Amino acid sequence: MPRPSSRISGIVPSGKDGWEVHSAAWARKEAGEDIIMLSVGDHDFDTPAETIGACVTAVRGSNHHYTPLAGVPRLRQAMAAASSACTGVETTPEQVIATPGGQAALYASVQAVLDQGDHAIVVAPYYATYPNTFSAAGASFTVVETPAEDGFQPRADMIRAALRPNTRAILINTPNNPTGAVYTRERLEQVAEICREHDLWMLSDEVYWTLGGGEHVSPRSLPGMAERTLVINSMSKSHGMTGWRMGWLTGPQEMITLLTNLNLVTTYGLPAFISIACAEALEERYGVKDIAERYAARRTVFLDAVRGMNDVTVRGSEGGMYVMLDISTIEPDDEKFAWAFLDAENVGVMPGSSFGEAAAGHIRVSLCQPEPVLQEAALRLRRFTSSYRREAA
Ligand SMILES: Cc1ncc(COP(=O)(O)O)c(C=O)c1O
Numbered sequence: 008m009p010r011p012s013s014r015i016s017g018i019v020p021s022g023k024d025g026w027e028v029h030s031a032a033w034a035r036k037e038a039g040e041d042i043i044m045l046s047v048g049d050h051d052f053d054t055p056a057e058t059i060g061a062c063v064t065a066v067r068g069s070n071h072h073y074t075p076l077a078g079v080p081r082l083r084q085a086m087a088a089a090s091s092a093c094t095g096v097e098t099t100p101e102q103v104i105a106t107p108g109g110q111a112a113l114y115a116s117v118q119a120v121l122d123q124g125d126h127a128i129v130v131a132p133y134y135a136t137y138p139n140t141f142s143a144a145g146a147s148f149t150v151v152e153t154p155a156e157d158g159f160q161p162r163a164d165m166i167r168a169a170l171r172p173n174t175r176a177i178l179i180n181t182p183n184n185p186t187g188a189v190y191t192r193e194r195l196e197q198v199a200e201i202c203r204e205h206d207l208w209m210l211s212d213e214v215y216w217t218l219g220g221g222e223h224v225s226p227r228s229l230p231g232m233a234e235r236t237l238v239i240n241s242m243s244k245s246h247g248m249t250g251w252r253m254g255w256l257t258g259p260q261e262m263i264t265l266l267t268n269l270n271l272v273t274t275y276g277l278p279a280f281i282s283i284a285c286a287e288a289l290e291e292r293y294g295v296k297d298i299a300e301r302y303a304a305r306r307t308v309f310l311d312a313v314r315g316m317n318d319v320t321v322r323g324s325e326g327g328m329y330v331m332l333d334i335s336t337i338e339p340d341d342e343k344f345a346w347a348f349l350d351a352e353n354v355g356v357m358p359g360s361s362f363g364e365a366a367a368g369h370i371r372v373s374l375c376q377p378e379p380v381l382q383e384a385a386l387r388l389r390r391f392t393s394s395y396r397r398e399a400a
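Residue numbers (the working numbering): 8 to 400.
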């Protein structure tokens, strides 16, 4: 074949991607082995029946045509209302644009604020696609870690040290994947101050906002930030709709108008019947409370089972769909630990270092399994950690 563009070849550089343990666990499960998969961030339950019903009604109702580029009006209205609740800033439909999933909103936000050669700061540990999303824009980025011993909270002094003359944006994610940390108002205010001082965009990934423990603070609500913040939202986590691919971006109206041109040349609008079902799900909050309660209960059950385990320390783990365990006292090499745990106990978890240096010495445990399975996994972890120490001794 003729040479592919360097743009497309550069999005995912070949080599190790950090998902090796997960892939091996998945292959073994597919082959029929009894593996507990705690490495993925997708719900173990279906989309709420009311949302499915809304979609069936919509698809039978002749909603089979092109839709407005920025999203059908009813959907934008519902997204704006959700953004008002999420960010604490009254939001109009003109300040939101519908995208096929949160990932596309993330992509749009990076395309919107960074030119080729510009620089961004990415606060880590981070969601796995972040680096590739910047590569796709031809932008460079510096990873600024959040120290584990600080509960994975962002540190303004560390962010300041990474600023360059061509820095244009800071990307944060709260509640965080993978750490489950929920950034405090105080720390967010410090990061916001940097954005105002240096005229930067704040890209704020808030796809887990309904799954937080305690107060969700959006940087968009902080003084002088609404004009320089783009918020990434999604129906995947809050509404149990990962496979429906519906997300949105919230920001200043001028930027959203410009971004409509990106939809012109990419999606050319979203499926009509899915848009209508999503509008109804947002309006009626189908599943939101139930899903949030389910994850909160799972987090409590798993953390209760893990607390008191010798040499395993819980870090972050306040919200989102994940728990982060510091296992460095038992085995500093988190990848080695994850492989050995899979081999010995048939449980697949993610090595923390897959998400950046700050999460090294940790494992990320997904809560996307029913409570009895999580309890069983905790039991196996307890058995494994004690025998691992004995073997090492
Ligand atoms: C932090 C974070 N942001 C964005 C996404 C993208 O979600 P989606 O494209 O399904 O909306 C995910 C998915 O796991 C995520 O964890």
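Each residue gets a CB set at the ideal place from its N, CA and C atoms; glycine is no exception. In this text the structure is predicted, and so the values were computed from the model without any measurement.
C-alpha gap between GLY145 and ALA176, whole angstroms: 14 Å
heavy atom of ligand 1 below 7 Å from ASN353 C-beta: no
Supposed contact pair THR140 and SER257 - C-beta distance, whole angstroms, cut 8 Å: One point to set straight first is that residue 257 is Thr, not Ser, in the sequence displayed. Incorrect: roughly 18 Å between the Cβ atoms, too far for contact.
Spatial neighbours of ARG162 in its chain, beta-carbon cut-off 6 Å, leaving aside the 5 residues before and after: none
Rounded separation between TRP251 and SER243 - CA only: 7 Å
Reduced DSSP category for THR186 - H, G, I as helix; E, B as strand; rest coil: coil
Unbroken beta strand (DSSP E) run spanning MET86, endpoints: Per DSSP, MET86 belongs to no beta strand (DSSP E); it is in the alpha helix (DSSP H), 80-94.
For ASP212, the residue or residues it bridges with in DSSP: ASN180, ILE239
Closest residue to SER282 among THR106, HIS223, ALA131 (Cα-Cα distance): THR106
TRP26 in three-state terms, based on DSSP: TRP26 falls in the coil class under three-state DSSP.
8 Å Cβ cutoff met for VAL321 and VAL313: yes
Option in ARG390, TYR395, PRO377 with minimal Cα separation from LEU45: Per the Cα distances, PRO377.
Residue burial classification, ASP341 (beta-carbon count within 10 angstroms, cutoff 16): Burial call: buried.
When GLY294, SER13, VAL189, THR64 are compared against LEU225, the one with the closest alpha-carbon: Reading off the sequence, residue 225 comes out as Ser, not Leu. Ranking the options by Cα distance to SER225, first place goes to VAL189.
For MET331: DSSP bridge partner residues: ARG322, ARG371
Delimiting residues of the beta strand (DSSP E) encompassing GLU152: 147-152
Candidates ILE43, ASN70, ILE104, VAL150: closest to GLN84 by CA position: ILE104
Any non-hydrogen atom of ligand 1 within 7 Å of TYR190 CB: Answer for TYR190: no, Cβ out of range of ligand 1.
Any non-hydrogen atom of ligand 1 within 7 Å of VAL214 CB: yes
Proximity to LEU289 [Cα-Cα], best of ALA31, SER91, ASP53: SER91
Min CB distance PRO161 to chain B below 8 Å: No chain B appears in the structure shown, which is made up of a single protein chain.
Stretch-stretch touch, CB-based, cutoff 8 Å, three pairs: the stretch 11-31 with the stretch 331-349: yes
Proximity test, LEU277 beta-carbon vs ligand 1 heavy atom, cut-off 7 Å: no
Own chain residues within Cβ distance below 8 Å of MET8, not counting five before or after: Cβ-Cβ distances below 8 Å link MET8 to nothing in the same chain once the five nearest sequence neighbours on each side are left out.
ILE166 - containing beta strand (DSSP E), residue span: Unbroken run through ILE166 is the alpha helix (DSSP H), 163-168; no beta strand (DSSP E).
heavy atom of ligand 1 below 7 Å from GLY108 C-beta: yes
TYR73 classed as buried or exposed, judged by whether at least 16 other C-beta atoms fall within 10 angstroms: Exposed: under 16 other Cβ atoms inside 10 Å.
Contacts around GLU196, its chain only, beta-carbon distance under 8 Å, and the 5 residues preceding and following it disregarded: LEU229
Straight-line Cα distance separating VAL380 from SER393: The alpha-carbon atoms of SER393 and VAL380 are separated by roughly 20 Å.
THR249: CB within 7 Å of a non-hydrogen atom of ligand 1: yes
Burial state of ILE43 (16 or more Cβ within 10 Å): buried
As assigned by DSSP and simplified to three states, the class of VAL103: strand
Beta-carbon gap between ALA366 and THR98 smaller than 8 Å: no
SER243 beta carbon near ligand 1 (any heavy atom closer than 7 Å): yes
Expected contact under 8 Å - CB spacing of ILE18 and SER142 to nearest Å: Yes, ILE18 and SER142 are in contact; Cβ-Cβ is about 5 Å, under 8 Å.
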